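Q: First the structure, which I've put down as structure tokens, then a few questions once you've had a look.
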């Protein structure tokens, strides 16, 4: 690291500009410390079926009301005869919020079945006299 610092100072002495020093330091910082996942696909979608009750009788609206942006959620395959690709969305406590849309669930099964997937709530909509909604951020880590 001493050699890198010496090289930076030498370059700055040659070019005589503190701006160059700043740019070089910023470049090195990004190179060493900032590791972005360029192999991840990130997108947003809404949870569907949020107005129904769960099989245990719990109201999804009451569950969503307690959720917050940034909360992690999990997805589970819960196929039925009518929806063989159905993917349920659940809180970390196991309470169902709803489902991914039929189209997105089918895409999950055909494209990302074996990929690592992170899901989190990006915002809760509605409230007051309106139905609560739940929007997700989905990050799919490509191999």
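In the working numbering, the protein residues as written are 6 to 148. Yeah, the Cβ is synthetic: ideal placement off N, Cα and C, and Gly gets one too. Predicted, not measured: the structure shown is a model, and the values here were computed from it.
1) Do you know whose CA, among 126, 136, 98, lies nearest residue 144's CA?
2) Less than 8 angstroms between the C-beta atoms of residue 56 and residue 72, yes or no?
3) Enumerated in chain order, which unbroken segments of the alpha helix (DSSP H) with a length of 4 residues or greater are wholly contained in the stretch 79 to 143?
4) Is the stretch 130 to 140 in contact with the stretch 52 to 71, if contact means three or more CB pairs nearer than 8 angstroms?
5) Tell me which same chain residues have a C-beta within less than 8 angstroms of the C-beta of residue 153, skipping the five on either side of it?
6) In its own chain, which residues sit with a C-beta less than 6 angstroms from the C-beta of residue 52, not counting the 5 before and 5 after it?
7) Would you tell me roughly how many angstroms separate the C-alpha atoms of residue 60 and residue 146, rounded to the nearest one?
8) Quick check: what's the CA-CA separation for residue 122 versus residue 45?
9) Counting only the same chain and skipping the five closest in sequence on each side, list residues whose C-beta sits under 7 angstroms from that of residue 69.
A: Result, derived from the coordinates:
1) On the chain shown, residue 144 is found 139 positions in, with the first residue counted as 1. Closest by alpha carbon: 126.
2) Residue 56 sits at position 51 when you count from the first residue of the chain shown. Residue 72 sits at position 67 when you count from the first residue of the chain shown. Going by C-beta atoms, residue 56 is not nearer than 8 angstroms to residue 72.
3) Those alpha helix (DSSP H) runs which fall completely within the stretch 79 to 143 and span 4+ residues are 107 to 116.
4) Taking 8 angstroms as the limit for Cβ pairs, the verdict is that the stretch 52 to 71 does touch the stretch 130 to 140.
5) As displayed, the chain neither begins before 6 nor continues past 148, which places residue 153 out of reach and without an answer.
6) Within the chain shown, residue 52 is the residue found at index 47, counting from 1. Within the same chain, residue 52 has close Cβ partners 94, 102, 103, 139.
7) What you label residue 60 is simply residue 55 of the chain shown in a count that begins at 1. What you label residue 146 is simply residue 141 of the chain shown in a count that begins at 1. Cα to Cα, residue 60 sits roughly 32 angstroms from residue 146.
8) To locate residue 122, count along the chain shown from 1; it is residue 117. To locate residue 45, count along the chain shown from 1; it is residue 40. Near 9 angstroms, if we compare the C-alpha coordinates of residue 45 and residue 122.
9) What you label residue 69 is simply residue 64 of the chain shown in a count that begins at 1. For residue 69, where only same-chain residues beyond five positions count, the Cβ hits under 7 angstroms are 55, 102, 129, 137, 139.
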